[in-house]
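First the structure, in the form of structure tokens, and then the observations on it.
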Amino acid sequence: MLNIILANRWYPPYSGFGGVAAYQRDLGRELVNRGNSVTVLAARYSKRDPETQNDLNVAVYRELVRERGITARLPVLRARVRSLDQYIYSKRLNARLRELEVEGKISIVEFAEVNAEAYIYLNTGRTIPVIVRCHTPTFVLQKYYGKNEFPVDWEMTSNREKFCMYQADALSAPSRDMASLIESELHLTPGTIRVIPNALNVQEYSSIRASKEKRNSLVRILHVGRLDRTKGIEILMRAVPEVILYCQNVEFVFVGPDRPDHSGSTWMTRMTQYFKNTGVSAKVSFLGEIDHESILSEYAKADIAVIPSILYESFSYTCAQALAAGLPVVTSSIGGIPETVGDAALLVPPGDAGALAEALVHLVQDTALRSELAARTIDQCRLFDAPVVAEQMLRFYKEVAG
């Protein structure tokens with residue numbers, strides 16, 4: 537049995553349910569199922585949220601993180617304060633780890649590289665082996681965001697993250713593409729970083745396959761994700777009227793929170809007006825941010841999933857979830873997405889609305905191809921199924937822990 541600590545601020549439900557949070561939850565639970573002890577060090581953003589949590593025998597400790605009033609609304613100040621908050625959070629995390637060291641034996645600690653949470657711990661001496669899991673470092677992300685979209689002191693955050701990656705006993709990444717980018721940037725020998733996919737509870741989604749019911753003759757195309765430029769929402773917006781022009785039997789459903797478009801409006805408002813102007817509003821629905829069970833229900837109703845990201849994805853959980861639900865997928869050939877989807881999806885160049893529309897039209901009109909891609913999802917999902925990933929992780933942990 538190993539005593540494993542997973543240190544990263546994102547863990548559902550009190551600090552989000554994004555990709556890193558899903559990774560920690562599904563991996564942590566599966567490691568516990570295999571007889572290991574797992575402690576997660578995460579964050580909370582309100583004093584009303586519990587400081588401790590037992591999630592199916594995964595012990596979760598949460599440090600309080602708060603936004604800083606007006607500075608959160610002023611980009612220049614926010615960039616500086618964000619970096620300071622990352623440093624403070626790293627100090628708190630270090631203090632919590634020292635307490636756990638005194639309380640009992642720890643086999644290994646896995647940090648995410650995001651925000652350099654391991655920075656203080658790796659700077660102050662340690663006896664416990666440390667792995668840094670490379671989801672998507674800041675030096676990669678900064679190439680895809682405008683300054684007003686993601687205000688952060690890129691250089692300071694990136695330097696701290698790199699320090700953590702250099703100081704760790706071992707590194708892992710969810711795709712070969714991600715590993716290669718980091719190895720090149722840090723001048724590491726190719727193959728230094730262990731490639732292990734992110735874990736997904738495939739069973740939770742695959743149960744949808746048996747419950748699928750066709751409600752009507754319309755082909756439902758589902759987009760799950762925040763309405764944000766980097767998620768390719770503007771590209772999909774331009775593709776929708778073209779798809780409807782050639783395929784009268786389609787409807788589009790958007791699931792996910794609205795975001796500012798940084799032009800004085802929001803993407804939902806902007807898209808709603810665009811669809812009204814192009815005469816396709818009747819075939820587009822926005823459901824907003826919904827709970828996890830409701831998302832599963834939307835996957836069950838859908839015929840096609842579309843993930844048009846123009847942001848680097850080391851591993852796309854949205855793609856993985858759609859595949860696990862048995863959906864044929866149209867997505868961008870960016871980052872590690874081709875490794876996530878394998879031959880169970882149609883890939884298009886990121887940012888190409890014409891190619892995206894063409895692929896969607898092809899899939900809507902070709903029912904045989906939809907069935908073929910759906911059948912391929914079964915084998916592809918085995919690569920990132922939580923039990924498979926947990927076994928790989930355990931072997932890796934044991935190697936590093938000696």
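Read in order, the letters of the sequence shown are residues 537 to 938 in the working numbering. A virtual CB, placed ideally from N, CA and C, is assigned to each residue, including glycine. Remember, predicted model here, so these are calculated numbers, not experimental data.
In the same chain as PRO733, and ignoring 5 residues on each side of it, the C-beta atoms closer than 7 Å to its own belong to PRO710, PHE851, LEU919, PHE920, VAL925, in chain order. The beta carbon of VAL877 sits closer than 7 Å to those of CYS855, LEU859, VAL865, THR867, GLN916, all from its chain and outside the five residues before and after it, given in chain order. Three or more pairs of CB atoms, one per stretch, sit closer than 8 Å, so the region 693 to 700 contacts the region 655 to 666.
Cα atoms of CYS783 and PRO844: separation of roughly 19 Å, rounded to the nearest angstrom.
Note that the C-beta distance between VAL666 and ASP705 is below 8 Å.
Collapsing the DSSP output to three states places VAL601 in coil. With a cut-off of 8 Å on Cβ pairs, the region 787 to 799 is in contact with the region 824 to 843, counting three or more such pairs. No Cβ-Cβ contact shorter than 8 Å links ILE840 with LEU781.
The beta carbon of ALA775 is closer than 6 Å to those of ALA889, LEU892, ALA893 in its chain, skipping five residues each way along the sequence. Ranked by how close their Cα comes to the Cα of GLU927, the residues GLN560, GLU566, ILE540 have GLU566 in first place. In the three-state reduction of the DSSP assignment, GLN589 falls in the strand class, which pools E and B. GLU908 and ALA895 have their alpha carbons spaced roughly 15 Å apart. Residue HIS828 holds the alpha-carbon nearest to the alpha-carbon of PRO549 among SER694, HIS828, ARG906. It is roughly 31 Å from the alpha-carbon of VAL936 to the alpha-carbon of GLU740.
Cβ-Cβ separation between ILE664 and GLU646: approximately 11 Å, too far for a contact (criterion under 8 Å). Per DSSP, PHE932 is one residue of the alpha helix (DSSP H) stretching across 922 to 937.
Around the Cβ of ASP562, a 10 Å sphere holds 16 or more other Cβ atoms; the residue is buried.
Here ALA595 is near VAL576, since their CB atoms are less than 8 Å apart. By the neighbour-count criterion, in which 16 or more other beta carbons inside 10 Å mark a residue as buried, LYS812 falls on the exposed side. At the C-beta level, LEU538 and VAL568 stay beyond 8 Å of one another.
Across the structure, MET714 and VAL668 are spaced so that their CA atoms are roughly 13 Å apart.
Judged by DSSP secondary structure, ARG580 falls outside any alpha helix (DSSP H) and instead within the beta strand (DSSP E) spanning 573 to 580. If you compare the alpha carbons of ASN590, VAL820, TYR681 with that of LEU758, the shortest gap goes to VAL820. Per the coordinates, the alpha-carbon of ARG806 lies some 46 Å from the alpha-carbon of ILE540. Per the coordinates, the alpha-carbon of VAL897 lies some 26 Å from the alpha-carbon of SER742. A direct Cα-to-Cα measurement between VAL786 and VAL755 gives close to 5 Å.
Per DSSP, the beta bridge partners of PRO796 are THR802. When DSSP states are grouped into helix, strand and coil, ILE667 belongs to the strand group. For HIS828, the enclosing alpha helix (DSSP H) starts and ends at 828 to 837. In the three-state reduction of the DSSP assignment, ASN569 falls in the helix class, which pools H, G and I. By the criterion of a C-beta distance shorter than 7 Å, ASN651 is surrounded in its chain by GLN622, THR693, once the five residues flanking it on both sides are discounted.
Separation of VAL731 and GLN809 (C-alpha to C-alpha, rounded to the nearest whole angstrom) is 44 Å. Taking the Cα of LEU905 as reference, the smallest distance to any Cα among PHE788, GLN703, ALA880 is reached at ALA880.
For THR867, the secondary structure class from DSSP, reduced to helix, strand or coil, is strand. Around the C-beta of ARG584, fewer than 16 other C-beta atoms lie within 10 Å, and the residue is accordingly described as exposed. Contiguous beta strand (DSSP E) elements confined to the region 835 to 918 occur at 840 to 843, 865 to 868, 881 to 884, taking only those with 3 or more residues.
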